[in-house]
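> Reading the sequence shown from the start, the letters are residues 0 to 302 in numbering that gives the first Met the number 0.
For glycine and all other residues, C-beta sits at the position ideal for the given N, C-alpha and C.
All values derive from a computational prediction rather than experimental measurement.
Pasting a structure here, questions to come.
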Amino acid sequence: MKSTSGSTALCKGTARAKCIAALLLVASSLTGCDKIGSWFAGKPDIAFAPYGDDYASKPDFAQVEYEHPIPLKELVKITPKYLAGLNQEELDQLYARLGSGPIPDGPFDGEIVFPRGSSGKLRAAEIIGGLKGLGVNFKGKMLETAGEALWKGKVFYRNEKVLRNRIEDLAVLRPVIGPDEIGKIDVDGKDAWLLFPAKLYCGQSLIDSRRESIIIDYAFTDEIHGYREKPDFLAGRRGLRVRDEIRMVRPGLYLGRAYMDHAFILNFVLYSKDLDKAGRAEFETGQIKDDCWSGTQKRVLAP
0 MKSTSGSTAL CKGTARAKCI AALLLVASSL TGCDKIGSWF AGKPDIAFAP
50 YGDDYASKPD FAQVEYEHPI PLKELVKITP KYLAGLNQEE LDQLYARLGS
100 GPIPDGPFDG EIVFPRGSSG KLRAAEIIGG LKGLGVNFKG KMLETAGEAL
150 WKGKVFYRNE KVLRNRIEDL AVLRPVIGPD EIGKIDVDGK DAWLLFPAKL
200 YCGQSLIDSR RESIIIDYAF TDEIHGYREK PDFLAGRRGL RVRDEIRMVR
250 PGLYLGRAYM DHAFILNFVL YSKDLDKAGR AEFETGQIKD DCWSGTQKRV
300 LAP
């Protein structure tokens, strides 16, 4: 965008508006209409309830949803970048106002959002750093860097109720895997390894029990076809005991929470541009239904 705005210096006089429009049209042909459209989409106008640092000051999620319903037109504006810019309390309040949406199908790009613990360090590093005997020792920034390099998203197999994680760099896992070679596959046009299988089902959220979330459960990962003892055991009940849960922002965009042995460690975002486009019209007219139990308290959505 910087280069485009600089080029507007070439547009002078009464034809300036037409000139700028022409430049934007050229830019859209070079960078894609999606990017140009995102400049004008605007930041989502989403309100959050006031809160303090101590736990007792945190607002009740039912009250947040009643007082600050989110319009569908604002959910449409949410981007992965916007979610990454929220603090943990804001992410929690947003997550609590979402429904499960349909269980996804196919590949999704992933992005990790690391919250800070009370010590100021990464919560995930505090938890993993205390677990021994698993062949992995992550601390501080190393975990953040390794996580972003290692994990690139998830592939959902809706009919089989199974999920696998997209890994594009095995270097961090080599101490666990050893010298064994793992075959690559093509996922959405990119080379990847599919590791750490998990079971998919609807279940109770660990942060908001008013309605169900889509659960990604690694507890019995060794029962899934294609399981590899190394490194897949790391996520299972003999390893880090990982359990994820996700809710839909809109079709193609999900907000997730990851837990280890019931301790919350990080947020993640899953995004599929194709599904986002395909489901936009139905979503804006309120036709997308939850696959999971929506609870006895009706979800509030502003017009």
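Span of the beta strand (DSSP E) holding Ala262?
It spans 262 to 270 - the beta strand (DSSP E) in which Ala262 sits, taken as one unbroken run.
> Using a Cβ-Cβ cutoff of less than 7 Å, which residues in the same chain neighbour Gly152 once the five nearest sequence positions on both sides are dropped?
Pro106, Phe107, Asp108, Gly109, Arg165, Leu269.
> Counting only runs of 3+ residues fully inside the region 148 to 235, write out the beta strand (DSSP E) ranges in chain order.
For the region 148 to 235, whole beta strand (DSSP E) runs of length 3 or above, ordered along the chain, are 150 to 156, 161 to 166, 184 to 186, 189 to 203, 211 to 216.
> Starting from the Cα of Ile215, find the closest Cα among Gln62, Glu64, Val161, Gln87 and give me that residue.
Looking at the Cα atoms, Val161 is the closest of the given residues.
> Secondary structure at Ala257, three-state DSSP: helix, strand or coil?
Strand at Ala257.
> Where do the ends of the alpha helix (DSSP H) carrying Val79 lie?
First, the amino acid is wrong: residue 79 is Pro here, not Val. Where Pro79 is concerned, the enclosing alpha helix (DSSP H) stretches over 79 to 83.
> If you check the beta carbons only, do Glu73 and Pro43 fall under 7 Å apart?
Yes, Cβ-Cβ distance for Glu73 and Pro43 is below 7 Å.
> Leaving out five residues before and five after Gly235 in sequence, what residues of the same chain have Cβ atoms less than 7 Å from its Cβ?
So the list reads Tyr217, Ala218, Thr220, Asp221, once near-sequence residues are dropped.
> Assign Val63 to one of three DSSP states: helix, strand, or coil.
Reduced to three states, the DSSP call for Val63 is helix.
> Tell me the DSSP secondary structure of Asp290 in three-state form.
Residue state, collapsed to three classes: coil.
> Taking only three categories from DSSP, how would you classify Phe278?
For the sequence presented, residue 278 should be read as Gly rather than Phe. The answer is helix: DSSP assigns Gly278 an H, G or I state.
> Starting from Arg91, follow the alpha helix (DSSP H) in both directions and report where the run begins and ends.
Residue 91 is actually Asp in this sequence, not Arg. Where Asp91 is concerned, the enclosing alpha helix (DSSP H) stretches over 87 to 95.
> On a CA-only basis, which of Ser204, Phe282, Pro302, Arg227 is nearest Pro101? Give me that one, please.
Nearest of Ser204, Phe282, Pro302, Arg227 to Pro101, Cα basis: Phe282.
> Going by beta carbon distance, what residues of the same chain come within less than 7 Å of Gln203, once the five residues before and after it are set aside?
Excluding residues within five positions, the ones whose Cβ falls inside 7 Å are Glu211.
> Tell me, which residues are paired with Ile69 by DSSP?
Bridge partners of Ile69: none, in fact.
> Are the CB atoms of Val299 and Pro68 nearer to each other than 7 Å?
In this structure, Pro68 lies closer than 7 Å to Val299 by Cβ.
> Counting along the chain, where does the beta strand (DSSP E) carrying Asp108 start and finish?
From DSSP, the beta strand (DSSP E) with Asp108 extends over 105 to 112.
> Below 8 Å CB to CB, which residues in the same chain sit around Leu205 once its five sequence neighbours on both sides are set aside?
Arg242, Glu244, Arg256, Tyr258, His261, Phe263.
> For Leu300, which of helix, strand or coil comes out of DSSP?
DSSP places Leu300 in coil when its eight states are reduced to three.
> Can you tell me whether DSSP reads Asp243 as helix, strand or coil?
In the structure shown, Asp243 sits in a strand (DSSP, three-state: E or B).
> Are Gln87 and Phe47 touching if we call contact CB-CB under 7 Å?
No; because the gap between Cβ atoms is not below 7 Å, this pair is not in contact.
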